[in-house]
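Colleague: All residue numbers for the sequence shown refer to the working numbering, where the first residue is 265 and numbers rise by one. From the three backbone atoms N, C-alpha and C, an ideal C-beta is built for every residue, glycine too. Quick caveat, the model's predicted, so the values are computed rather than measured.
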Amino acid sequence: MNNFAFYNPTKIIFGKGQIKQLDKQIPKNAKVLITYGGGSVIKNGVMDAVKKELAKSDRAVFEFGGIEPNPKFETLMKAVLTVRGNNIDFLLAVGGGSVMDGTKFIAVASVSDEYFGKEEELLYLGFAGAQTEKILPLGTVATLPATGSEMNNGAVVTKGTDKLPFFHKEAYPQFSILDPEYTFSLPATQVANGVIDSFVHTVEQYVTYPAEGRFQDRTAEGILQTLVEIGKKTVDNPNDYDARANLVWCSTMALNGLIGSGVPQDWSVHMIGHELTALHGIDHAKTLAIVLPAMWKERKTQKKEKLIQYGERVFGIKTGTDDERVDSAIAKTEEFFHSLGVGTKLSDYGVGEKDIEPILENLKKHKMTALSEHGDVDLNVSEQVLRKAL
Ligand code: NZQ
Ligand code: ZN
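Below is the structure:
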């Protein structure tokens, strides 16, 4: 096992009716900006519940809506001006990964005096220049189980066709309220996205090479088995509380730093996936469903031992030659994604051979030329992966 430091300060407040804890989490005299997306939280009543709780103390409450899926730099910069113009001192993200990520950007960019007016630079530097600064405190009321943003310090922001991940040491939410019932209103396709995003976060930290991270492996396998058990059930039965509660907790635990501590990580599927979203607008999780099976087919040799372990412990594949077991593990994964109604080929989303070159150009532009746990996914490998995904 590798050396590591594990730090995660986010308080999780989980379960039915837990919005009642909100008032206690935010200073009574705070100037709060509620950030949200395109209005789902207004339609499903979550916003009303949030405002009712905030009104229990004498706070000034402002709102900023319209944060789009794959949040845009320009939109977030409008929120930065709202924050600066009103001396906001607490941000409350109410929504999915895009709203939570966008709010992290707002939290950093609003206080970056040194970078004020130069936020674009900040974005392209991955916030490297702002790591020492305190940022605005933020909390979340999460409504889409997928990204893990509710309990991590990462975010992804888009400017034009640049979809850029960043991390900030202070960007962990102070608290996140996770009420599975708040996710009942999600369309089936977004629930399927959530299952797949959580699944792929887990395998990007697990299907690498053996590293004696036995706890990490078994925890990852527990998350994957749970997602296989409840994935289709929670897509088909949106009001099944327990199935949904398991999805919510799995997605949070899949990307809060726990299972990735002390073990190799990959992330090549995510980085290629980000370019597919940036250039073709495909939902984040769907890009992962396309790239993951192709990546594993292309890198069977490098991942052989872990693919065999994964096949056996997650899908019960115990017989056959090593190669057969690897192939079955990949086939089972594709079958699982299909069972959720998600296509795993570029052609399912109208992307063809002529589109490969621009994807590779974007990877090059973003310096994504030595990806994976070994740094061996260069542009040639990425090209082969995309061809296998056609
Ligand atoms: O905008 P609204 O109206 O709220 O509607 C949203 C949006 O249309 C809707 N939605 C959310 N909660 C709902 C709901 N509809 C009905 N009922 C509810 N309870 O769902 C749609 C998608 O929302 P979005 O937030 O975009 O989805 P998701 O949570 O999948 O987030 C995707 C973003 O997160 C990034 C992705 O790249 C993408 O930009 N990621 C962030 C990560 C992180 N912070 O660690 C890691 C991930 O790998 C990922 O890259
Ligand atoms: Zn993801």
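Three Cβ pairs or more, each shorter than 8 Å: is that satisfied between the stretch 445-454 and the stretch 504-521?
Modeller: Enough Cβ pairs lie closer than 8 Å, so yes.
Colleague: Is it the case that the CB of ASP586 approaches a heavy atom of ligand 4 more closely than 7 Å?
Modeller: Within the structure as shown, ligand 4 is missing, the only ligands being ligand 1 and ligand 2.
Colleague: Taking the beta carbon of ASP364 as the centre, do at least 16 other beta carbons fall within 10 Å, making it buried, or is it exposed?
Modeller: A quick correction: the sequence has Met, not Asp, at residue 364. Counting Cβ neighbours within 10 Å, MET364 comes out buried, since at least 16 surround it.
Colleague: Within a Cβ cutoff of 8 Å, which residues of the same chain sit near ALA634, ignoring the five residues on either side of it in sequence?
Modeller: Closer than 8 Å at the Cβ level, and outside the excluded window around ALA634, lie ASP640, VAL641, ASP642.
Colleague: Would you mind sorting SER258 into buried or exposed? The rule is 16 or more other CB atoms within 10 Å of its CB.
Modeller: Residue coverage of the chain in this structure runs from 265 to 654, which leaves residue 258 outside it and unanswerable.
Colleague: For TYR574, does the count of other Cβ atoms within 10 angstroms reach 16, so buried, or fall short, so exposed?
Modeller: TYR574 is buried by the Cβ-count criterion.
Colleague: Flag VAL555 as yes when its Cβ comes closer than 7 Å to any non-hydrogen atom of ligand 2, and as no otherwise.
Modeller: Incorrect: VAL555 has no Cβ contact closer than 7 Å to ligand 2.
Colleague: If you measure from the CB of ASP247, is any heavy atom of ligand 2 nearer than 7 Å?
Modeller: This structure cannot speak to residue 247, because the chain is shown only from 265 to 654.
Colleague: Can you look up GLU493 in the DSSP assignment and give me helix, strand or coil?
Modeller: Helix, per DSSP.
Colleague: DSSP state of LYS568, grouped into three classes?
Modeller: In this structure, LYS568 counts as helix in the three-state DSSP scheme.
Colleague: Shorter than 7 Å, the distance from the beta carbon of PRO273 to the closest heavy atom of ligand 1, or not?
Modeller: No - ligand 1 has no heavy atom lying nearer than 7 Å to the Cβ of PRO273.
Colleague: CB-CB under 8 Å to MET341, same chain, minus the five flanking residues each way: which ones, in chain order?
Modeller: Closer than 8 Å at the Cβ level, and outside the excluded window around MET341, lie ALA373, GLU383.
Colleague: Given 7 Å as the limit, tell me if THR411 has its C-beta closer than that to any heavy atom belonging to ligand 2.
Modeller: Yes, the Cβ of THR411 comes within 7 Å of a heavy atom of ligand 2.
Colleague: Taking the Cβ atom as the reference point for each residue, do ALA371 and ILE399 lie within a distance shorter than 8 Å?
Modeller: Cβ atoms of ALA371 and ILE399: closer than 8 Å.
Colleague: So, under 8 Å CB-CB, PRO273 and PHE354 are touching, yes? Tell me the CB distance rounded to an integer number of Å.
Modeller: With a Cβ gap of about 16 Å, PRO273 and PHE354 do not count as contacting.
Colleague: Which residues does DSSP list as the beta-bridge partners of VAL421?
Modeller: The partner list for VAL421 (beta bridge, DSSP) reads LEU428.
Colleague: Counting contacts by CB-CB distance shorter than 8 Å, is ASP591 in contact with chain D?
Modeller: The structure shown contains no chain D; it holds only a single protein chain.
Colleague: If you compare alpha carbons, which of ALA518, ALA475, PHE601, MET559 is closest to LEU654?
Modeller: Of the candidates ALA518, ALA475, PHE601, MET559, the one whose C-alpha sits nearest the C-alpha of LEU654 is MET559.
Colleague: Am I right that TYR470 and ILE554 are in contact with their C-beta atoms under 8 Å? What's the rounded C-beta distance?
Modeller: That pair is no contact at about 20 Å.
Colleague: Taking the beta strand (DSSP E) that THR261 belongs to, which residues open and close that run?
Modeller: The displayed coordinates of the chain run from 265 to 654. Any statement about residue 261 would go beyond what the structure contains.
Colleague: When DSSP builds the beta bridges, which residues end up paired with LEU442?
Modeller: The partner list for LEU442 (beta bridge, DSSP) reads PHE278, ALA406.
Colleague: With which residues is GLU327 paired in a DSSP beta bridge?
Modeller: Per DSSP, ILE298.
Colleague: Verify whether the separation of the beta carbon atoms of GLY329 and GLY303 is less than 8 Å.
Modeller: Yes, they are a contact pair.
Colleague: Measure from the alpha carbon of THR666 to the alpha carbon of each residue in ILE594, THR299, GLU617, then state which is nearest.
Modeller: Beyond the ends of the chain as shown, which are 265 and 654, falls residue 666; an answer cannot be given.
Colleague: Output the boundary residues of the alpha helix (DSSP H) element that contains ALA313.
Modeller: Unbroken alpha helix (DSSP H) run through ALA313: 310-318.
Colleague: Please report the distance separating the alpha-carbon of ALA696 from that of THR339.
Modeller: Absent from the structure is residue 696, since the part of the chain shown begins at 265 and ends at 654.
Colleague: Could you pull the start and end residues of the beta strand (DSSP E) that GLY359 belongs to?
Modeller: It spans 354-359 - the beta strand (DSSP E) in which GLY359 sits, taken as one unbroken run.
Colleague: Report yes or no: do three or more beta-carbon pairs, one from the stretch 424-443 and one from the stretch 481-498, lie closer than 8 Å?
Modeller: The stretch 424-443 vs the stretch 481-498: no contact.
Colleague: Could you tell me whether any non-hydrogen atom of ligand 1 is closer than 7 Å to the CB of VAL363?
Modeller: Yes, ligand 1 has a heavy atom inside 7 Å of this Cβ.
Colleague: Could you tell me whether any non-hydrogen atom of ligand 1 is closer than 7 Å to the CB of PRO401?
Modeller: No, ligand 1 has no heavy atom inside 7 Å of this Cβ.
Colleague: Within the present structure, is the beta-carbon of LEU552 separated from the nearest heavy atom of ligand 2 by less than 7 Å?
Modeller: Correct: LEU552 has its Cβ closer than 7 Å to ligand 2.
Colleague: Are there 16 or more other CB atoms within 10 angstroms of the CB of ASP312, so buried, or fewer, so exposed?
Modeller: Exposed, because fewer than 16 other Cβ atoms sit within 10 Å of the Cβ of ASP312.
Colleague: Helix, strand or coil: how does DSSP classify LYS609 here?
Modeller: Correct three-state label for LYS609: coil.
Colleague: One question on the structure: do VAL606 and ILE460 come within less than 8 Å of each other, judged by their Cβ atoms?
Modeller: Yes, the Cβ-Cβ distance between VAL606 and ILE460 is below 8 Å.
Colleague: Could you give the residue range of the alpha helix (DSSP H) that holds PRO557?
Modeller: Counting along the chain, the alpha helix (DSSP H) containing PRO557 begins and ends at 548-562.
Colleague: For the stretch 615-624 against the stretch 536-553, do three or more pairs of beta-carbon atoms, one drawn from each stretch, fall closer than 8 Å, so that the two count as touching?
Modeller: They touch, by the three-pair rule.
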